[in-house]
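Those letters in the sequence shown? Residues 1 to 261, by UniProt numbering.
Just so you know, even glycine gets a beta-carbon here, dropped at the ideal spot from N, CA and C.
Take a look at the structure below.
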Amino acid sequence: MPKFAANLSMMFQEVPFLDRFGAAAQAGFSGVEFLFPYEHPAGEIAARLDEHGLTQALFNLPPGDFSKGERGIASLPGREAEFEKAVETALAYARALRCRTLHCMAGLLPDEAERGAREKLYVANLRKAARACAAEGVTLLVEPINTRDIPGYFLNYQAQGRRIIEAVGEANLKLQLDLYHCQVMEGDLARHIEAFLDIAAHIQIAGVPERHEPDVGEINYPYLFELLDRLGYQGWIGCEYRPRGRTEDGLGWFAPWRRKA
Numbered sequence: 001m002p003k004f005a006a007n008l009s010m011m012f013q014e015v016p017f018l019d020r021f022g023a024a025a026q027a028g029f030s031g032v033e034f035l036f037p038y039e040h041p042a043g044e045i046a047a048r049l050d051e052h053g054l055t056q057a058l059f060n061l062p063p064g065d066f067s068k069g070e071r072g073i074a075s076l077p078g079r080e081a082e083f084e085k086a087v088e089t090a091l092a093y094a095r096a097l098r099c100r101t102l103h104c105m106a107g108l109l110p111d112e113a114e115r116g117a118r119e120k121l122y123v124a125n126l127r128k129a130a131r132a133c134a135a136e137g138v139t140l141l142v143e144p145i146n147t148r149d150i151p152g153y154f155l156n157y158q159a160q161g162r163r164i165i166e167a168v169g170e171a172n173l174k175l176q177l178d179l180y181h182c183q184v185m186e187g188d189l190a191r192h193i194e195a196f197l198d199i200a201a202h203i204q205i206a207g208v209p210e211r212h213e214p215d216v217g218e219i220n221y222p223y224l225f226e227l228l229d230r231l232g233y234q235g236w237i238g239c240e241y242r243p244r245g246r247t248e249d250g251l252g253w254f255a256p257w258r259r260k261a
């Protein structure tokens, strides 16, 4: 049976961030994820998780200067020391939130001619980060992201993700399989799930093309949820979508899997 984590960076924006934990629990979610926790003390977030009986399923390493368009620094030359500090910061939050899974954003590739050198750096940084995470019992993820939402993003296809994971060679480096991004870039989602579930430790969903609720758009998610069950997927499914209106009004799709609030 699928277990769903509400993405609090996108959902329940009707209330302030720290109040979204209670809103997610009231709506029936047992887990949450978000992009970045770093504007809030870890203790405050941990208290909300405990108060509402929620599991922190995932969050991202610090991505560089997000407000200026940076989308990760793992592949950026000259930022190695900053990246190591970002890993330390994320692991400190992971300990406080009892979160066992972190996502590392790759960064932007300004010139395709630089890909070879950037990939070597990316692999080296990921190897160090994965080893630091392993010491804490944490799984590190890489995620292919579509070029429509983030033009120039370094990692775009699931096969690229597998190649990077194999090059790094650390057992706790896995794939974040975002079915929204995969549909935009590659389609054929059922076959991609079958081909890449062996390395996937977290899945995310949203409707395509508008990134609204998963019951809106071109993807048959009930079919894919059944497929994931048949294949034995045990991880979280993160609901990383932008509600069309009030979050609760768009949760009809979630009713079959809702826990008692």
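Straight-line gap, residue i to residue j (C-alpha atoms, nearest Å)
| i | j | result |
| --- | --- | --- |
| G53 | Y38 | 21 Å |
| V142 | P110 | 19 Å |
| P256 | E114 | 47 Å |
| L102 | E166 | 18 Å |
| P144 | A47 | 32 Å |
| A261 | Q26 | With a pLDDT of only 41 at A261, under the threshold of 50, the placement of this residue in the model should not be trusted; the figure read from the coordinates follows. Looking at the two C-alpha atoms, the distance is approximately 5 Å. |
| V138 | R100 | 5 Å |
| I219 | R211 | 11 Å |
| Q160 | M1 | 29 Å |
| D50 | E112 | 45 Å |
| T147 | G69 | 14 Å |
| G232 | F225 | 11 Å |
| N156 | E44 | 35 Å |
| E170 | N125 | 12 Å |
| A81 | G64 | 12 Å |
| G252 | K3 | 16 Å |
Reduced DSSP category for residue i - H, G, I as helix; E, B as strand; rest coil
| i | result |
| --- | --- |
| E33 | strand |
| A261 | Legend: pLDDT at A261 = 41, less than 50; position of this residue unreliable, no value from coordinates given. |
| C104 | coil |
| I205 | strand |
| V142 | strand |
| G252 | helix |
| D72 | The displayed chain sequence assigns Gly, not Asp, to residue 72. G72: strand per DSSP, three-state reduction. |
| A171 | coil |
Pair within 9 Å by beta-carbon distance, residue i and residue j
| i | j | result |
| --- | --- | --- |
| A117 | A74 | no |
| L177 | L197 | yes |
| Y221 | I205 | yes |
| E186 | E33 | no |
| S67 | F36 | no |
| I193 | A5 | no |
| L108 | F154 | yes |
Neighbourhood of residue i by C-beta distance below 8 Å, restricted to the same chain and skipping five residues each side
| i | result |
| --- | --- |
| R246 | E14 |
| R163 | none |
| N172 | A130, C133, A134, V138, T139 and L140 |
| P209 | V184, G217 and E218 |
Chain B contact for residue i (CB, 9 Å cutoff)
| i | result |
| --- | --- |
| N172 | No chain B is part of this structure, which consists of one protein chain only. |
Contacting residues, own chain, Cβ-Cβ under 7 Å from residue i (five flanking each side not counted)
| i | result |
| --- | --- |
| R259 | G28 and S30 |
| G250 | E213, P243 and R244 |
| V168 | V123, L126, R127 and A130 |
Strand pairing of residue i, partner residues [DSSP]
| i | result |
| --- | --- |
| N60 | H103 |
| F4 | I237 |
| R195 | Here the sequence assigns Ala to residue 195, which means Arg is not the residue at that position. Its beta-bridge partners do not exist; DSSP assigns none. |
Any non-hydrogen atom of the ligand HEM within 8 Å of residue i CB
| i | result |
| --- | --- |
| A106 | Questions concerning the ligand HEM fall outside what the structure shown contains, since it holds no ligand whatsoever. |
Cutoff 6 Å; reference residue i; Cβ partners in own chain excluding five residues on either side
| i | result |
| --- | --- |
| Y93 | P37 and A42 |
| G207 | E213, P214, V216 and G217 |
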